[in-house]
Ligand SMILES: Nc1nc2c(ncn2[C@@H]2O[C@H](COP(=O)(O)OP(=O)(O)O)[C@@H](O)[C@H]2O)c(=O)[nH]1
Ligand SMILES: [Mg+2]
C-alpha cells in the first residue's frame with residue numbers, strides 16, 4: 368500500500384514536471400537542477416558562474432532551502448532575476464513548487480535558469496522538476512565513496528562537478544576512486560573537477576554550459 372502511494376505521488380509529480388519542461392522548452396531556456404549535500408558549494412558555484420557568464424547571457428535562479436533567504440540574499444548583489452522557495456520541513460523541491468514560482472521569472476528573456484535544490488544527497492534526486500539536466504556537486508571533503516552510498520543522485524545526473532579541489536592536499540579523497548565509483552553507477556556521467564575558490568577547472572564547466580545552450 369505504501370509503495371502504491373509513493374508511486375502515485377511520483378507519477379503526479381512527473382506530470383507537472385512535464386508541463387514545466389514544455390514551458391521551459393517553449394521559452395528556450397536551459398534549466399539545470401543543482402543538487403548536493405549541504406555545504407558542497409552550490410551557491411558559491413552559482414555566484415562564480417553568474418560572475419563569469421552574466422555579461423554574455425541572461426541568467427535566472429530559483430533558490431530552494433528549508434528555511435531562510437540567505438542564499439537568495441547572497442545572490443541579490445548579482446542583480447539577476449531570483450526567486451526563493453522555502454520548503455519548510457520538506458527535504459527537496461518538487462515540480463509543483465517550481466510551477467508555483469515560474470510566473471515570477473522572465474522566462475522568455477532567460478538563457479539559463481539554475482535551480483538550487485535543498486542540500487540533501489537523497490530526496491532531491493527522486494523528484495523531477497522539469498529540468499533539462501540534473502547537475503550534482505561532490506566536494507572532496509565528503510569522501511570518494513559517496514557515489515556507491517547514494518547511487519540515485521549519481522545515476523540521475525548528467526554532470527558531476529567535483530568541487531573544492533584546492534583542498535585535496537588536506538584530505539584522503541582519491542580522485543581516481545571517486546570517478547570509478549561514479550562511473551560504475553552511471554557510465555555516461557560527465558565529470559568535471561573544479562575549485563570555486565581558485566577557479567581551477569571552471570572553464571570546463573562554463574564550456575559545458577555554453578555547449579548545452581538551447582539555440
Ligand atoms: N576551499 C573551498 N571552499 C569552497 C569551495 N566552494 C565553496 N566553498 C565554501 O564552502 C562553504 C559552503 O558553500 P555554499 O556555496 O554555501 O554551499 P551550498 O550549501 O552547497 O550552497 C562556504 O564556506 C564556501 O565558501 C571551494 O571550491 N573551495
Ligand atoms: Mg546554498
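Residue numbers (my numbering): 368 to 582. From the three backbone atoms N, C-alpha and C, an ideal C-beta is built for every residue, glycine too.
Exposure label - residue i; buried when at least 16 CB within 10 Å
i           : result
residue 563 : buried
residue 410 : buried
residue 506 : buried
residue 407 : buried
residue 422 : exposed
residue 581 : exposed
residue 467 : exposed
residue 483 : buried
residue 379 : exposed
residue 432 : buried
residue 430 : buried
residue 376 : exposed
residue 438 : buried
residue 385 : exposed
residue 560 : buried
residue 511 : buried
residue 476 : exposed
residue 509 : buried
Cut-off 8 Å between Cβ atoms - residues of its own chain near residue i, not counting five sequence neighbours on either side
i           : result
residue 579 : 397, 499, 500
residue 381 : 462, 495
residue 557 : 525, 526, 527, 575
Residues near residue i in its chain [Cβ-Cβ closer than 6 Å; skip 5 each side]
i           : result
residue 474 : 394, 396
residue 459 : 485, 490, 491, 494
residue 464 : 452
residue 487 : 458
beta-carbon residue i near ligand 3 non-hydrogen atom, thresh 7 Å
i           : result
residue 483 : You won't find ligand 3 in this model; what it holds is ligand 1 and ligand 2.
Close beta carbons around residue i, own chain, < 7 Å, minus the five adjacent residues each side
i           : result
residue 535 : 507
- Return the chain-ordered ranges of every alpha helix (DSSP H) run that is complete within the segment 449-532 and spans a minimum of 4 residues. 462-469, 513-516, 518-523
- Quick one: residues with CB closer than 6 Å to any heavy atom of ligand 1, in chain order, please. 403, 405, 406, 407, 408, 409, 410, 411, 486, 530, 531, 533, 534, 562, 563, 564
- Message: Quick check: the segment 369-383 against the segment 424-444, are at least 3 beta-carbon pairs closer than 8 Å?
- Response: no
- Would you mind listing the beta strand (DSSP E) stretches within the segment 394-436 that are 3+ residues and don't spill past its ends, in chain order? 397-402, 426-432
- Task: Decide yes or no for the touch test of the segment 545-552 against the segment 511-521: beta carbon pairs closer than 8 Å, at least 3 of them.
- Result: yes
- Can we say the segment 517-532 touches the segment 480-497, given the rule of at least three CB pairs closer than 8 Å? yes
- Message: Would the segment 527-536 count as touching the segment 564-578 if we require 3 or more Cβ pairs under 8 Å?
- Response: yes
- Query: Can you give, in chain order, each stretch of the beta strand (DSSP E) that sits fully within the segment 530-570 and has at least 3 residues?
  - Reply: 557-560
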